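Numbers in the numbering used here are just positions in the sequence shown, counted from 1, shifted up by 80.
All C-beta atoms, glycine included, are put in the ideal place defined by N, C-alpha and C.
Here the structure is a predicted model, which is why all the values come from computation and not from measurement.
Here's the structure, in structure tokens; my notes come after.
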Amino acid sequence: MSNNLIPPPRTNEQVKVPWNGIDVLFILVIWRLLLSAPVMNAAAVPLEYLGLLPAYARYTAAFLIHIIQLAVIGLVIIRKYQLTWTSFGFRRPTRKDWLQLLPWALFANLISLLVLWVTFTFLWSEGSSKAEPAESVGFILTLLMGAVVAPLVEEVVNRGVIYGYLRSRFGVLAGVIVSALIFGVGHAPELMLNAIVTGSLFALFYERRGTLWMPVMLHGVMNATVIFIFWLR
81 MSNNLIPPPR TNEQVKVPWN GIDVLFILVI WRLLLSAPVM NAAAVPLEYL GLLPAYARYT
141 AAFLIHIIQL AVIGLVIIRK YQLTWTSFGF RRPTRKDWLQ LLPWALFANL ISLLVLWVTF
201 TFLWSEGSSK AEPAESVGFI LTLLMGAVVA PLVEEVVNRG VIYGYLRSRF GVLAGVIVSA
261 LIFGVGHAPE LMLNAIVTGS LFALFYERRG TLWMPVMLHG VMNATVIFIF WLR
């Protein structure tokens with residue numbers, strides 16, 4: 081099968097992707113299973129036996145699980161359909177892509193911070209469930225996970241696999257909305273609304289630029305902004 085099956089999604093044409101609904105469902109199930117508390121805790125136990133403090137054991141387990149998630153996609157999508165990561169969606173960004181990142185990042189950050197302010201001012205009064213884990217491993221590791229590792233893996237799953245499939249079957253609008261809802265459900269309750277809104281922006285940016293590197297970068301910048309604000313508060 082040709083490596084050029086998936087052209088950049090820059091038009092309203094319903095570009096077909098080779099993976100199917102069963103592939104998407106399988107990846108979603110594995111995604112949620114690996115990120116479940118029992119699996120995360122179980123993965124941290126042997127690391128604690130090796131001498132890591134509990135917080136660092138959980139962090140390392142989360143990092144390894146993200147790598148496993150990429151490996152699953154590599155097997156279920158990339159290898160199964162004889163693709164490359166470039167044909168999957170990681171086209172090398174152009175100068176124009178990079179120039180578009182700044183205005184998108186400014187706009188997306190404003191929207192995200194507004195949604196978070198509304199959430200924690202009017203809808204949620206218990207604080208964030210992410211605060212304690214972040215404080216326990218420190219700023220650098222939190223930034224590495226939140227602004228580099230998680231955005232890369234989450235964009236591969238949510239914009240690459242899920243949005244790519246939904247767009248090819250139901251069009252851009254349905255793809256953006258449904259993939260954003262799925263992305264939101266995968267987050268903690270207090271972050272769900274923000275994830276739905278930003279997930280829509282990530283999909284639209286991918287649609288606009290045609291390379292997964294752009295929503296990965298946008299996602300990373302947004303997470304980094306929130307992390308910096310959290311540590312400076």
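For a test of the three-state rule: what should DSSP assign to residue i, helix, strand or coil?
i, result
"HIS267", "coil"
"GLU206", "coil"
"SER116", "coil"
"ARG172", "coil"
"GLN180", "helix"
"PRO98", "coil"
"LEU194", "helix"
"LEU163", "coil"
"LEU261", "helix"
"LEU130", "coil"
The alpha helix (DSSP H) that contains residue i, what's its start and end?
i, result
"PHE285", "272 to 289"
"ASN303", "293 to 312"
"PHE143", "134 to 153"
"VAL233", "230 to 235"
"LEU224", "219 to 224"
"GLY244", "244 to 250"
With a CB to CB cut of under 7 angstroms and the five nearest residues on each side skipped, what residues in its chain are close to residue i?
i, result
"TRP184", "PHE285 and LEU298"
"THR199", "GLU270, LEU273 and ASN274"
"VAL221", "Checking the sequence, you will find Leu at residue 221 rather than Val. Here the set comprises TYR139."
"ILE242", "VAL104, SER259 and ILE262"
"PHE308", "none"
"ALA188", "THR278, LEU281, LEU298 and MET302"
"GLU128", "PRO134 and ALA137"
Within its chain, find whatever has a CB closer than 8 angstroms to the CB of residue i; leave out the 5 residues flanking it on each side and keep chain order.
i, result
"PHE143", "MET225 and VAL229"
"ASN303", "GLY226, ALA227, ALA230 and PRO231"
"ILE158", "THR164, TRP165 and PHE168"
"VAL265", "MET272"
Can you list, in chain order, the residues of its chain with a C-beta nearer than 6 angstroms to that of residue i? Leave out the 5 residues immediately preceding and following it.
i, result
"PHE110", "In the sequence on display, residue 110 carries Ile and not Phe. Counting only Cβ-Cβ distances below 6 angstroms, and skipping sequence neighbours, we find VAL152."
"VAL125", "none"
"GLY244", "VAL97"
"SER82", "Residue placement at SER82 is flagged as unreliable, the pLDDT there being 43, under the threshold of 50; the coordinate-derived value follows with that caveat. Cβ within range, chain order: n/a, list empty."
Is there at least one Cβ from chain C nearer than 8 angstroms to residue i's Cβ?
i, result
"ILE242", "Judged by its chain identifiers, the structure shown contains no chain C, having just a single protein chain."
If residue i and residue j are in contact, beta carbons under 8 angstroms, what's the gap, nearest whole angstrom?
i, j, result
"TRP293", "PHE168", "That pair is no contact at about 12 angstroms."
"ILE145", "LEU186", "Actually they do not touch by this definition, with Cβ atoms about 32 angstroms apart."
Consider the C-beta atom of residue i and the heavy atoms of the ligand SAM; say whether any pair is separated by less than 7 angstroms.
i, result
"TRP311", "This structure lacks the ligand SAM, and indeed carries no ligand of any kind."
**Asked** On the three-pair Cβ rule with 8 angstroms, is the region 272 to 286 touching the region 194 to 201?
**Response** yes
**Item:** Cβ contact (3+ pairs, closer than 8 angstroms) linking the region 292 to 309 and the region 249 to 260
**Value:** no
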